[in-house]
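What follows is a short report on a single structure.
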Amino acid sequence: MLREYSYFKILCKLFWEEKLEAYLVGGALRDFFLDKKILDYDIVVKERVAEMARYFAEIIQGKFIIVNEEHKIYRVIARDIIFDFTSIKGDNIREDLSRRDFTINALALPICSSDSHSGLPDLQDVIDPFGGLNDLRDKIIRATNERVFREDPLRLWRAFRFSAEPGFKIEEKTSELLSKYSLLAGEAARERIKEELMKILQKSESAKIIRDMEEVGLLSSIIPEINEMKQTGENKYHREDVWAHSLQVLAVLEEIVDDGRYKKYIAQDQLPLLKLTALLHDIGKIKSRTVKDGQIHYFGHEKEGVGILEPILKGLRLSRKEISFVCEVGRLHMRPFHLYTAENLSEKGILRFFRQGAALVPVILIHSLADKLANMRNNNRNDEVSSYVTFVDGLLTKYGNYQERTESLYLNGKEIMTITGLPEGPLIGKLLNELHFAQGNGEVNSREEAIAYIINRSD
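So this is what it looks like as structure tokens:
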């Protein structure tokens, strides 16, 4: 069964010839039994770790990297496949496996049990001291011992990431340990937390996992504002608090994405960020509550939210581009609904939104759809759902046409100055802006029409 993995076959033959004790462990073995593609191999070696890793790299013409010399961790990269080599922790492989997080990861395959001719290990020789193969079969996440979360708080996040796999669930005793040690969650490195969180949000049913995570307080350990969200938000428009509403928005967003119609508008790397936005889009309500005539309002909460979001996202080690995405979608998340409820919706108002949102318009619209559908369903306003879906679909079509028309303006600022004889200044910017709108709504469709339009507007 392992014959298709050519690099791994070379590795096995190498260790067989050297007669060295080495094992395939962890995620690669787990993923193999789950019939998933393997791109990362973890190899533990009894001795000569660096030498064997370097030798293997030479044989397959891969790149050799020293990850951590002190802890004897080395990496070999060949094409898109990664091999990590490290020494056995403890006196033997069973002691090494006892230090791992979950039973499904505490598996080892002796490489030197290989057949001397093929250089491949025998799958019957898998070392499984904690019943990991049974747990894989039954799709159970089980801690190997009671110390795992105390020894490495990142494992709290990893437990939920593994439970996000289809059909997997966390067994009862491990759930109790998660609750017991949840206060340690924030002690893990932020970069690693971000990595685990993004992997969870890539899953199709992450809303349930996020809900389970927060039931033991994981998310609020790194975003304490979530506790305030749980105490904020009920008014005549919302029956539920901000956090409960945000979870509903995330669940509806996943329904929308799974439906397939809107998938083409969301890039793969945008999906977890859009889901994160769904969770935090109303965070500004914790700072914008006002009461007028006995009614609770959250005017300007979308703008207030940006100031709260930026430090949170920086703390999570998101890149500037990722922070910009979440903040901009959050800042503009009310605009589509304001257009929908406008008494006199104008073409200019729509085009102004298109200019504000730029390339993010489609994801802003999809987020708005999830936001409003969650609210309408929760308030028994199902009769409004189809109307808002039609409105959003119409804006998506209109935006596609707008993009084509405004990909490049027929005239630039210098050309407008030449045509009109006007000096550089605010008026040129105003004319450029008007030309953009005219192209966007189809009023101007050629360079000649653009020249005529500018001459007419500058008279």
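Residue 1 in this note's numbering sits at position 20 of the sequence shown; the count goes up by one each step and never skips. Glycine is no exception: its CB is placed at the ideal position from the N, C-alpha and C atoms. Because the structure is a prediction, the values reported are computed rather than measured.
query: Cβ-based burial, GLU309 [other Cβ within 10 Å; buried from 16]; result: buried
query: Cβ-based burial, ASP61 [other Cβ within 10 Å; buried from 16]; result: exposed
query: Own chain partners of ARG280 with C-beta closer than 7 angstroms, once the 5 adjacent residues on each side are dropped; result: The question names Arg, but residue 280 in the sequence shown is Phe. Contacts found: SER269 and THR271.
query: Straight-line Cα distance separating TRP224 from LEU416; result: 43 angstroms
query: Close beta carbons around LEU376, own chain, < 6 angstroms, minus the five adjacent residues each side; result: LEU346
query: Cut-off 6 angstroms between Cβ atoms - residues of its own chain near PRO38, not counting five sequence neighbours on either side; result: A small fix is needed here, since residue 38 is Ala in this sequence, not Pro. Around ALA38: PHE45 and VAL57.
query: One or two residues paired with ARG56 in a DSSP bridge; result: ILE46 and ASP65
query: Spatial distance of PHE334 from HIS348 (CA atoms); result: 15 angstroms
query: Buried/exposed call for VAL48, threshold 16 Cβ in 10 Å; result: exposed
query: For LEU408, the nearest candidate out of SER427, ARG438 and GLU424 (CA to CA); result: ARG438
query: Host alpha helix (DSSP H) of HIS348 (start-end); result: 342 to 359
query: Beta carbon of LYS154 nearer than 9 angstroms to that of ARG118; result: no
query: Sequence ranges, alpha helix (DSSP H) only - wholly within the region 70 to 97, length at least 4; result: 74 to 79
query: Endpoints, the beta strand (DSSP E) within which VAL366 is located; result: Counting along the chain, VAL366 falls outside any beta strand (DSSP E), though it belongs to the alpha helix (DSSP H) covering 366 to 386.
query: Beta-carbon gap between VAL129 and ASP82 smaller than 9 angstroms; result: yes
query: Exposure of GLY148, with buried meaning 16 or more beta-carbon neighbours within 10 Å; result: exposed
query: Burial state of ARG242 (16 or more Cβ within 10 Å); result: exposed
query: Residue burial classification, ASP116 (beta-carbon count within 10 angstroms, cutoff 16); result: buried
query: HIS278 - partner residues in DSSP beta bridges; result: THR271
query: ASP222 to GLU303 span [Cα, whole Å]; result: 27 angstroms
query: Bridge partner(s) assigned by DSSP for ASP106; result: According to DSSP, which records beta bridges pairwise, ASP106 is partnered with nothing at all.
query: Coil, strand or helix - ILE122 by DSSP; result: strand
query: Bridge-paired residues (DSSP) for ALA3; result: VAL26
query: Pairwise C-alpha distance: LEU165 and ARG131; result: 8 angstroms
query: Nearest-angstrom Cα separation, counted from ARG80 out to HIS98; result: Residue confidence for HIS98 is low, a pLDDT of 49 falling below 50, so the modelled location carries little weight; the figure read from the coordinates is stated next. Going by the C-alpha atoms only, they are around 34 angstroms apart.
query: Local conformation of ASP239 per DSSP, three classes; result: helix
query: DSSP-derived helix/strand/coil call for ILE151; result: strand
query: Whole-number beta carbon distance between SER160 and VAL197, since they are thought to touch under 8 angstroms; result: 5 angstroms
query: MET194 - containing alpha helix (DSSP H), residue span; result: 187 to 196
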